[in-house]
Amino acid sequence: RSRIDCEKPRAEGVLALRGVIEHEEAVEDEEAREAFAAALVASFRQALSALKDARNAEGAALSAVIAGQVASIEGFAREARASAGAAPDAIRARIAGQLADLLAGTGVPEDRLAQEAALLAIKADVREELDRLDAHVAAARELLAASEPVGRRFDFLTQEFNREANTLCSKAPDMALKRIGLDLKTVIDQMREQVQNIE
């Protein structure tokens, strides 16, 4: 180096020189190629089978979780239907009492008061939402039993469940029914997260 002004040789430069390292193609006979191809296909089939088994196991576990959530939704809908606050007569009586208190001494006729109470009771009636929740539960069970991909349909169904739960909460005439609606929303949100994993 002291005599010649040049850099010290580097490994990649030496290895790049022709003939330093040579790679020879192994000459394989037909039998060796066929054995390699057969081993490759067998390995691929084994990996594919393992993947399919894993997906089936995950799908079964996911299906069980979602089935439990659907059962919870059904239970909350049943509980809401049995709630005293959901009964039309109870709603009508509560509204009539509130209107009577508000309109006391105003001279509003009794039959007009009854009409207004009936109209407000119809708006506060949650039976329609509960009927739709029951229909959605049946649809969810059909999807769980289906053999084809149902991810998008389940995603749409969770949106429908959520819509009914929101309406139930907004119409709820008492805190007991509101609590049921909030419990419903919690389960529906958990189900929506699980549904994101469905194909």
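Numbering (the working numbering), first residue to last: 2 to 200. In this text, a Cβ means the ideal position worked out from N, Cα and C, and glycines have one as well.
Classification of M192 by the beta-carbon crowding that lies within 10 angstroms, buried from 16 upward: As a position in the sequence shown, residue 192 is number 191, starting the count at 1. Looking at its Cβ environment, which holds 16 or more other Cβ atoms inside 10 Å, M192 is buried.
Length of the line joining the Cα atoms of T187 and V71: Numbered from 1 along the sequence shown, position 186 holds the residue referred to as residue 187. Numbered from 1 along the sequence shown, position 70 holds the residue referred to as residue 71. Each residue's alpha carbon lies about 12 Å from the other.
Rounded straight-line distance, which links the Cα of A68 to that of A61: To locate residue 61, count along the sequence shown from 1; it is residue 60. To locate residue 68, count along the sequence shown from 1; it is residue 67. So the two alpha carbons sit approximately 10 Å from each other.
A101 burial status per 10 Å Cβ neighbour count (16 or more: buried): By 1-based counting over the sequence shown, the position of residue 101 is 100. It is exposed - the Cβ of A101 has fewer than 16 other Cβ atoms within 10 Å.
Whether A166 touches L144 by CB criterion (8 Å): Here residue 166 refers to the residue found at position 165 of the sequence shown. Here residue 144 refers to the residue found at position 143 of the sequence shown. Contact flag unset, no.
Separation of L120 from E161, as counted between CA atoms: Position 160 of the sequence shown, counted from the first residue, corresponds to residue 161. Position 119 of the sequence shown, counted from the first residue, corresponds to residue 120. Those two C-alpha atoms are separated by around 26 Å.
Own chain partners of V15 with C-beta closer than 8 Å, once the 5 adjacent residues on each side are dropped: On the sequence shown, position 14 is the one that residue 15 refers to. So the list reads V21, once near-sequence residues are dropped.
Distance between S84 and E130 (C-alpha atoms, nearest Å): Within the sequence shown, the letter at position 129 stands for residue 130. Within the sequence shown, the letter at position 83 stands for residue 84. Rounded to the nearest whole angstrom, the CA to CA distance from E130 to S84 is 14 Å.
Through-space distance from A141 to A43, alpha-carbon basis: Position 42 of the sequence shown, counted from the start, is the residue given in the question as residue 43. Position 140 of the sequence shown, counted from the start, is the residue given in the question as residue 141. Going by C-alpha positions, A43 is about 39 Å away from A141.
Complete beta strand (DSSP E) runs within the stretch 122 to 181 (minimum length 3 residues, chain order): Annotation note: the stretch 122 to 181 contains no uninterrupted beta strand (DSSP E) run of length 3 or greater.
Own chain residues within Cβ distance below 6 Å of A173, not counting five before or after: Along the sequence shown, one-based indexing puts residue 173 at 172. The beta carbon of A173 is closer than 6 Å to those of K179 and G182 in its chain, skipping five residues each way along the sequence.
Closest residue to A94 among R46, A78, A81 and A115 (Cα-Cα distance): The residue you call residue 94 lines up with position 93 of the sequence shown. Check the Cα spacing between A94 and each of R46, A78, A81 and A115: the tightest is with A115.
Nearest-angstrom Cα separation, counted from S64 out to E31: Your numbering for residue 31 matches position 30 in the sequence shown. Your numbering for residue 64 matches position 63 in the sequence shown. Rounded to the nearest angstrom, the two C-alpha atoms are 49 Å apart.
Opening and closing residue of the alpha helix (DSSP H) in which V71 lies: On the sequence shown, position 70 is the one that residue 71 refers to. Counting along the chain, the unbroken alpha helix (DSSP H) around V71 starts and ends at E31 to A83.
Rounded distance between the beta-carbons of E80 and V138, thought under 8 Å: Here residue 138 refers to the residue found at position 137 of the sequence shown. Here residue 80 refers to the residue found at position 79 of the sequence shown. Their Cβ separation, rounded to whole angstroms, is 13 Å, which puts V138 and E80 out of contact at 8 Å.
Rounded C-alpha distance that separates A40 from R46: Within the sequence shown, residue 40 is the residue found at index 39, counting from 1. Within the sequence shown, residue 46 is the residue found at index 45, counting from 1. Between A40 and R46, the C-alpha separation is close to 10 Å.
R193 in three-state terms, based on DSSP: Sequence index remark: in the sequence shown, residue 193 carries index 192 (1-based). Helix, per DSSP.
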